[in-house]
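Numbering (the numbering used here), first residue to last: 69 to 469. A virtual CB, placed ideally from N, CA and C, is assigned to each residue, including glycine. What follows is a set of notes on a single structure, which appears directly below.
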């Protein structure tokens, strides 16, 4: 079987969650005798890149996508796994669908976000000013974000539905749509309307393959950890700093540290905020392999306004860091068994978040029990389990050829 991964950018194991997932899938598929190829819409300076049998940098000036047609034909591609999120690349799906009908090739469209995440995007004037001053976004992009914020504040999100529908409908130019959770299937169809295209839920698998002993729990330090690109709209690290400022008012937090791993254009904004809040026990660790920090951290803190199926929650639990997250995305219930393997907090309820965090900091025994439960619960997302699900889907599609 020959598979082509079609993405916005070339794939790297050191890039973001989606890229790391595809890198892991490639290694697993190749070990099963499946030949993996790559096509992408643009290059990006990302260091190490994943090795494929052959690669194609798509010619964006070729409106007929003849380069894709020839690549599919010459390499006898059986299935294309599409992982495109960039709205400028999505129209490619129409041509791709028509091309694959001629070549008897199947398309799996994978959507690596929560359907309708656009309704969760908010920005305040202070952040907008920072973006403008530091040339992080164009004036047009800033204005669009402020309009989105106003729409959300006024509770008139339905006027955005046609825009979301148009974007999600591109995914229907496929033989199967893969979403990250069963809970996302109806949510996707809520925007697109009824469709005959079949859907399936395919969660991400663990991408770190080392065996982690439960003994790691006994070596935990007084560390609260957060990992992710600096993106205040999506990841809300500014909210995490506000939470930490409240936590530091309690004596139990005296010996605890908040370590934030990540990179991005809003780093200075966050460092300045931490300074203004007089947060001395906050460490910005930069861009690095987070595994050593996962091993040391007792608690993992997520404050995102939306997520798809965040790898960091799986990774944290794999290493016994007890997660806290807001219920800002429905798939959080797939990842955390509330009260057993972590805590799910009502979105934007800072007092509840602070209370749960302090509870874990106070009660080492409770935290240790939860940590061990975390390490058990993530077995259902092991590479072996998820790859078997992929193989079932791929074989089913190829039988229909």
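Problem set entry | DSSP state of residue 153 mapped onto helix, strand, coil | coil
Exercise. If we call anything under 9 Å between Cβ atoms a contact, is residue 285 one with residue 439?
Worked result: yes
Problem set entry | Proximity of residue 301 and residue 270 at Cβ, strictly below 9 Å | no
For this session: Work out the CA separation of residue 434 and residue 158 for me, nearest whole Å.
Result: 47 Å
Problem set entry | Nearest neighbour of residue 441, chosen from 412, 390, 431, 461 [CA to CA] | 390
Problem set entry | Host beta strand (DSSP E) of residue 371 (start-end) | Per DSSP, residue 371 belongs to no beta strand (DSSP E) and is neither H nor E.
Problem set entry | 6 Å CB neighbourhood of residue 162 in its chain, flanking five on each side removed | 241
For this session: On a CA-only basis, which of 225, 150, 112, 134 is nearest residue 105? Give me that one, please.
Result: 150
Problem set entry | N-terminal and C-terminal residue of the alpha helix (DSSP H) that residue 162 is part of | 160-171
Exercise. Grouping DSSP H, G and I as helix and E and B as strand, with all else coil, what is residue 70?
Worked result: strand
Exercise. By how many angstroms is the C-alpha of residue 82 removed from the C-alpha of residue 332?
Worked result: 15 Å
For this session: Please classify residue 432: is it buried, with 16 or more other beta-carbons within 10 angstroms of its beta-carbon, or exposed?
Result: exposed
Problem set entry | Proximal residues to residue 174 (C-beta, below 6 Å), its chain only, five neighbours per side dropped | 147, 243, 465
Problem set entry | Spatially closest choice to residue 188 from 371, 407, 385, by CA coordinates | 371
For this session: Compare the beta carbon distance of residue 307 and residue 416 with 9 Å and say whether it is the shorter of the two.
Result: yes
Exercise. Among the residues of its own chain, which have a CB less than 7 Å from the CB of residue 135, if the five just before and after it don't count?
Worked result: 124, 126, 127
For this session: Check residue 391 in the structure and name its three-state DSSP category.
Result: strand
Problem set entry | Bridge-paired residues (DSSP) for residue 295 | 329
Problem set entry | Residues of its chain near residue 358, where Cβ-Cβ distance is below 6 Å and the 5 sequence neighbours each way are ignored | 295, 329
Exercise. For residue 273, does the three-state DSSP call read helix, strand or coil?
Worked result: coil
Problem set entry | Residues that DSSP places opposite residue 107 in a beta bridge | 74, 124
Exercise. What residue range is occupied by the uninterrupted beta strand (DSSP E) comprising residue 352?
Worked result: 350-354
Exercise. Exposed or buried, which one is residue 388 when buried takes at least 16 other CB atoms within 10 Å?
Worked result: buried
Problem set entry | Under 9 Å between C-beta atoms of residue 268 and residue 461 | yes
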